[in-house]
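Visitor: Residue numbers for the sequence shown follow the numbering used here, beginning at 225 and rising by one. C-beta: ideal position from N, C-alpha, C; glycine also. Nothing here was measured: the structure is a model prediction, and the numbers come from that model.
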Amino acid sequence: MLFFEKGSLKFSKYRCMQCGVCLSTCPNSALCAAKGSRCYSIKIDENRCVSCGKCVRICPATTSNSSMTPRPELLALARGFIARSVDESLRKMASSGGVCRVLIERALAGVKYDAVYTLIYPAVGTNGRPCGEAEGEWLTEPVQQERIPGSLYRPVLWGKHLCQVNPEWSDLLIIGLPCQIRAAQKMLQTASPSVRLTTVTILCRKQKSFGHSQYLLRYFKEDENNLHSVFYRGNGWPGTSGVWNEKGKKEIPFFYYAKCWNLPGCDYCSDCINAAVTDLTVADPWGIVAPEENPLGSNLVVSWTKAGHELLESLREFLTIQSISKEHLVNTLDFPQINAKANFQELSAWHRSYIHIQRRIGEIILHYCHHDSPLLTIQFILKGKIKSALSRLKGVKV
Ligand SMILES: Cc1cc2nc3c(=O)[nH]c(=O)nc-3n(C[C@H](O)[C@H](O)[C@H](O)COP(=O)(O)OP(=O)(O)OC[C@H]3O[C@@H](n4cnc5c(N)ncnc54)[C@H](O)[C@@H]3O)c2cc1C
Ligand code: SF4
Ligand code: SF4
Ligand code: SF4
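What follows is the structure, given as structure tokens:
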């Protein structure tokens with residue numbers, strides 16, 4: 225989070241959501257990012273900063289939570305769908321059903337959008353694997369699908385190149401996480417007020433940290449410097465996570481331990497669906513489609529606006545789209561849980577510290593266990609889910 229204290233600009237990593245948009249905002253190039261062990265820190269060059277406040281105004285961490293808390297009445301406008309790419313090879317690469325990669329491909333192959341902003345790898349090697357670190361980029365032509373990452377559960381500098389808007393562009397599509405979309409909207413509304421923005425939000429319930437990557441490195445006894453990439457999901461649903469090195473791919477079933485993935489800034493992120501500000505939200509269809517019914521994956525897609533609905537409808541040739549009832553949509557989005565997160569900011573300092581300590585203990589156990597099964601067992605015991613814990617103790621794998 226960027227803020228002014230006694231007239232000078234300061235950065236707090238405890239509130240930073242790692243969207244990277246501030247890097248693109250500063251007219252004097254006074255900001256840069258330095259990679260730390262858990263997340264990026266934003267460094268301020270005091271000789272260049274003129275205290276104009278532009279970066280502070282777009283920083284999503286400065287938005288008050290109450291203004292971002294999703295209001296259940298928005299559901300009256302929403303329409304829910306289960307959607308998936310008709311192309312099975314795309315679904316195998318995708319995190320869920322491949323809706324995002326179909327959107328990127330079709331938005332650029334058609335004439336509707338001048339450019340699409342999305343997270344992307346800089347290149348694909350001769351071995352077909354992505355190289356380099358994924359960053360946000362404006363695309364004007366379709367790219368190799370291998371360059372589009374599946375869900376990356378770690379900080380990435382998504383917003384770094386957002387300012388590179390060509391003045392001739394008028395219709396733009398942006399795909400990103402809620403914090404990234406919020407910051408991008410604020411920035412582009414000021415920097416390029418005449419462009420028409422359509423936004424696709426990737427639902428995100430605080431799952432972004434280096435912790436998960438570090439766990440994978442430890443699990444496979446890999447050195448970060450010899451590694452091509454760490455990947456999560458993909459290869460169907462729920463898919464696998466693992467590492468690529470020069471000898472190839474090592475993978476394990478994808479597992480869920482959200483608390484170990486958490487970044488402090490994510491605790492303050494109040495709206496995981498961006499209902500009030502986005503055109504489409506894409507997610508996994510938890511609770512609606514069981515993985516065994518649909519091994520290659522599907523998306524839950526919510527259209528909140530006319531523009532979002534029209535965009536989805538225009539893809540009927542490339543996506544299988546099935547309408548779902550309001551009841552299903554409400555249950556899946558789980559508004560009480562979303563609001564509980566929004567209220568985190570209101571918790572007492574003691575309660576927040578307690579949650580952080582719990583999380584730290586989880587990470588330490590993860591470090592020494594080299595498998596998440598004991599962790600999940602402890603989690604189930606703490607939640608009173610004794611039956612699940614017993615089945616885990618009997619050796620049931622994730
Ligand atoms: C950090 C994170 C947390 C998530 N948490 C949940 C959750 O709790 N519940 C749920 O239902 N769904 C969650 N999702 C969404 C889900 O994993 C899929 O990303 C979503 O359903 C889209 O699937 P797809 O098949 O259309 O994606 P694909 O077609 O495979 O395309 C993936 C898209 O995601 C973009 N992308 C990947 N990682 C990032 C990132 N870190 N920042 C910005 N863009 C990125 C890519 O650029 C691409 O546009 C999360 C995603 C992420 C990245
Ligand atoms: S206050 Fe203005 S000059 Fe200083 S870092 Fe932020 S955008 Fe740049
Ligand atoms: S939340 Fe985003 S805009 Fe704010 S400091 Fe962090 S990276 Fe920069
Ligand atoms: S929870 Fe997700 S959307 Fe919210 S700040 Fe963290 S990464 Fe961004």
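1) Could you say which of Pro488, Ala500, Val513 and Cys243 lies nearest to Leu298 if we only look at CA atoms?
2) Around the Cβ of Cys240, are there at least 16 other Cβ atoms within 10 angstroms (buried) or fewer (exposed)?
3) Can you tell me the Cα-Cα spacing of Gly532 and Leu553, whole angstroms?
4) Helix, strand or coil: how does DSSP classify Ala339 here?
5) What number of angstroms, rounded off, separates the C-alpha of Ala358 from the C-alpha of Ile344?
6) Can you list, in chain order, the residues of its chain whose CB lies under 7 Å from that of Val310, leaving out five sequence neighbours each side?
7) Could you compute how far the alpha carbon of Ile405 sits from the alpha carbon of Ile372?
8) Report yes if the C-beta of Pro251 is less than 8 Å from at least one heavy atom of ligand 2; otherwise report no.
9) With distances taken between CB atoms, is the gap from Val389 to Trp362 smaller than 9 Å?
10) Quick check: the segment 241 to 250 against the segment 373 to 386, are there 3 or more CB pairs under 8 Å?
11) Considering only residues of the same chain and omitting the five flanking positions on each side of Leu233, which have a CB-CB separation below 7 Å?
12) With 16 other CB atoms within 10 Å as the buried threshold, where does Cys484 fall?
13) Sort out for me which residues DSSP pairs Asp395 with in a bridge.
14) For Tyr492, which of helix, strand or coil comes out of DSSP?
15) Skipping 5 residues on each side, what residues in its chain have a beta carbon closer than 6 Å to that of Gly304?
16) Can you tell me which of Gly352, Gly400, Pro366 and Phe235 puts its alpha carbon nearest to the alpha carbon of Leu504?
17) Could you check whether Trp393 and Ser416 sit closer than 9 Å to each other, using their CB atoms as the reference points?
18) Please report the Cβ distance between Ala302 and Ser522, rounded to the nearest whole angstrom; I am assuming they are in contact, meaning their Cβ atoms lie under 8 Å.
19) Any heavy atom of ligand 2 inside 8 Å of the beta-carbon of Ser236?
20) Relative to the alpha-carbon of Gly260, which residue among Asp338, Arg378, Cys279 and Tyr337 has its alpha-carbon at the smallest distance?
21) Label Gly472 either buried or exposed according to how many other C-beta atoms from any shown protein chain fall within 10 Å of its C-beta, with 16 as the threshold for buried.
22) In terms of alpha-carbon separation, which member of Ala300, Ala254, Cys493 and Arg262 lies closest to Glu551?
23) Does ligand 3 have a heavy atom nearer than 8 Å to the CB of Arg239?
24) Looking at Ile266: is its Cβ nearer than 9 Å to the Cβ of Phe235?
25) Decide if Asp447 is buried, meaning its Cβ has at least 16 other Cβ atoms within 10 Å, or exposed.
26) Let me know the secondary structure DSSP gives Ala482 once reduced to three states.
Guide: In brief:
1) Here residue 298 refers to the residue found at position 74 when the sequence shown is read from its first residue. That would be Ala500, whose Cα lies nearest to the Cα of Leu298.
2) For the purposes of this step, residue 240 is taken as the residue at position 16 of the sequence shown. Buried, since its Cβ has 16 or more Cβ neighbours within 10 Å.
3) As a first step, residue 532 is located in the sequence shown; it is residue number 308 there, counting from the start. As a first step, residue 553 is located in the sequence shown; it is residue number 329 there, counting from the start. One C-alpha to the other measures close to 16 Å.
4) Along the sequence shown, read from residue 1 onward, the residue named residue 339 stands at position 115. Of the three classes helix, strand and coil, the one that applies to Ala339 here is strand, per DSSP.
5) Locating residue 358 in the sequence shown gives position 134, where the first residue counts as 1. Locating residue 344 in the sequence shown gives position 120, where the first residue counts as 1. If I take the Cα positions, the gap works out to 5 Å.
6) The residue labelled residue 310 in the question sits at position 86 within the sequence shown. Same-chain partners within the cutoff: Phe542, Leu543 and Thr544.
7) The count along the sequence shown starts at 1 and reaches residue 405 at position 181. The count along the sequence shown starts at 1 and reaches residue 372 at position 148. A direct Cα-Cα distance of roughly 18 Å separates Ile405 from Ile372.
8) The residue labelled residue 251 in the question sits at position 27 within the sequence shown. Pro251: yes, Cβ under 8 Å from ligand 2.
9) Counting from one through the sequence shown, the residue named residue 389 turns up at place 165. Counting from one through the sequence shown, the residue named residue 362 turns up at place 138. A contact, by the Cβ cut-off of 9 Å.
10) Contact between the segment 241 to 250 and the segment 373 to 386 is present, because at least three Cβ pairs lie under 8 Å.
11) Counting from one through the sequence shown, the residue named residue 233 turns up at place 9. Taken in chain order, the residues that qualify are Leu226, Ile268, Cys273 and Ser275.
12) Here residue 484 corresponds to residue number 260 of the sequence shown, with the count starting at 1. Summary for Cys484: the model assigns pLDDT 49, below 50, so the residue's position carries little reliability; its value from the coordinates is reported in the next sentence. Under this definition Cys484 is a buried residue.
13) Counting from 1 along the sequence shown, the entry for residue 395 is found at position 171. Its beta-bridge partners are Arg420.
14) For the purposes of this step, residue 492 is taken as the residue at position 268 of the sequence shown. In the structure shown, Tyr492 falls within a helical segment according to DSSP collapsed to helix, strand and coil.
15) Taking the first residue of the sequence shown as 1, we reach residue 304 at position 80. The residues are Val526, Ile548 and Leu553.
16) In the sequence shown, residue 504 corresponds to position 280, counting from 1. Per the Cα distances, Gly400.
17) Mapped onto the sequence shown, residue 416 falls at position 192. Mapped onto the sequence shown, residue 393 falls at position 169. Going by C-beta atoms, Ser416 is nearer than 9 Å to Trp393.
18) Mapped onto the sequence shown, residue 302 falls at position 78. Mapped onto the sequence shown, residue 522 falls at position 298. Contact doesn't hold; Cβ gap of about 18 Å is too wide.
19) Residue numbering aside, residue 236 sits at position 12 when the sequence shown is read from its first letter. No, Cβ of Ser236 sits at least 8 Å from all heavy atoms of ligand 2.
20) To locate residue 260, count along the sequence shown from 1; it is residue 36. That would be Arg378, whose Cα lies nearest to the Cα of Gly260.
21) Within the sequence shown, the letter at position 248 stands for residue 472. Exposed, because fewer than 16 other Cβ atoms sit within 10 Å of the Cβ of Gly472.
22) What you label residue 551 is simply residue 327 of the sequence shown in a count that begins at 1. Comparing C-alpha distances from Glu551 to each of Ala300, Ala254, Cys493 and Arg262 shows the shortest one belongs to Ala300.
23) Residue 239 sits at position 15 when you count from the first residue of the sequence shown. For ligand 3, at least one heavy atom lies less than 8 Å from the Cβ of Arg239.
24) Position 42 of the sequence shown, counted from the first residue, corresponds to residue 266. Position 11 of the sequence shown, counted from the first residue, corresponds to residue 235. Result yes, Cβ atoms of Ile266 and Phe235 sit closer than 9 Å.
25) Here residue 447 corresponds to residue number 223 of the sequence shown, with the count starting at 1. Per the 10 Å Cβ criterion, exposed.
26) The sequence position of residue 482 within the sequence shown is 258, counting from 1. Since pLDDT at Ala482 reaches only 40, below the 50 mark, its modelled position is unreliable, and the value read off the structure follows with that caveat. Ala482: helix per DSSP, three-state reduction.
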